[in-house]
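Q: Residue numbers (my numbering): 2 to 173.
If you want it as structure tokens, here you go:
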């Protein structure tokens, strides 16, 4: 073996174990070749709105005044969700890592591990994300996306509130 790549989970999953693993691997002569950014939000009893900057509070209020709704969906057809994610990622210059068939297949194969959250404006999906249940304490927010036509509303803020509220209800 000439080279070995180890991809570690985000440190926030278990900081003590992550620090220990880094220490052991570095002591054994490994080196860190890449560090990815991780953004995480610890969920507790504090209401989501209390965690927001004033500008995000205004965006959230704007979404709520428009009667946008957050829904945790149980779908059979994921094409609309996948289309919104693909369009958003393309707009931002990011590749989509899963075809529609792969996307639909993995969610249907592990329905207790994947939760689709969406924001709707009068029945139209304007933002979406897939929550991946890593374990009983961690929900990974995967592939968040929004409709460019709604960028002035920032529906992702409302989407994140819905996901945060779900995590509070599930004690995650």
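Here a beta-carbon is modelled for each residue, glycine too, at the ideal position from N, C-alpha and C.
1. For residue 132, which beta-bridge partners are listed by DSSP?
2. Taking its Cβ as the centre, do 16 or more other Cβ atoms sit within 10 Å of residue 69, making it buried, or is it exposed?
3. Measure the Cβ-Cβ separation of residue 89 and residue 130 and say whether it is below 7 Å.
4. So, using beta-carbon positions, are residue 60 and residue 155 closer together than 7 Å?
5. Inspect the beta-carbon positions of residue 121 and residue 133 and report whether they are closer than 7 Å.
6. Specify, as a first and last residue, the run of the alpha helix (DSSP H) that residue 74 falls within.
7. What three-state label does DSSP hand residue 127 in the structure shown?
8. Give me the residue from 173, 116 and 151 with the minimum Cα distance to residue 136.
9. Could you work out which residue in 5, 150, 115 and 83 is closest to residue 33 when comparing CA atoms only?
10. Among 171, 163, 170 and 169, which one has its Cα closest to the Cα of residue 74?
11. Would you call the CB atoms of residue 140 and residue 71 closer than 7 Å?
12. DSSP state of residue 51, grouped into three classes?
A: According to the data block:
1. Paired residue(s): 116 and 142.
2. With 16 or more other Cβ atoms within 10 Å, it is buried.
3. Cβ distance not < 7 Å, so residue 89 and residue 130 don't count as in contact.
4. For the 7 Å CB-CB criterion, residue 60 and residue 155 form a contact.
5. No. Outside cutoff.
6. Looking at the DSSP string, residue 74 is not in any alpha helix (DSSP H); the run it does join, the beta strand (DSSP E), is 70-74.
7. Here residue 127 sits in strand by DSSP.
8. Nearest of 173, 116 and 151 to residue 136, Cα basis: 173.
9. If we check each option's Cα against that of residue 33, 5 comes out closest.
10. Nearest of 171, 163, 170 and 169 to residue 74, Cα basis: 163.
11. Residue 140 places its beta carbon 7 Å or farther from that of residue 71.
12. Secondary structure of residue 51 (DSSP, three-state): helix.
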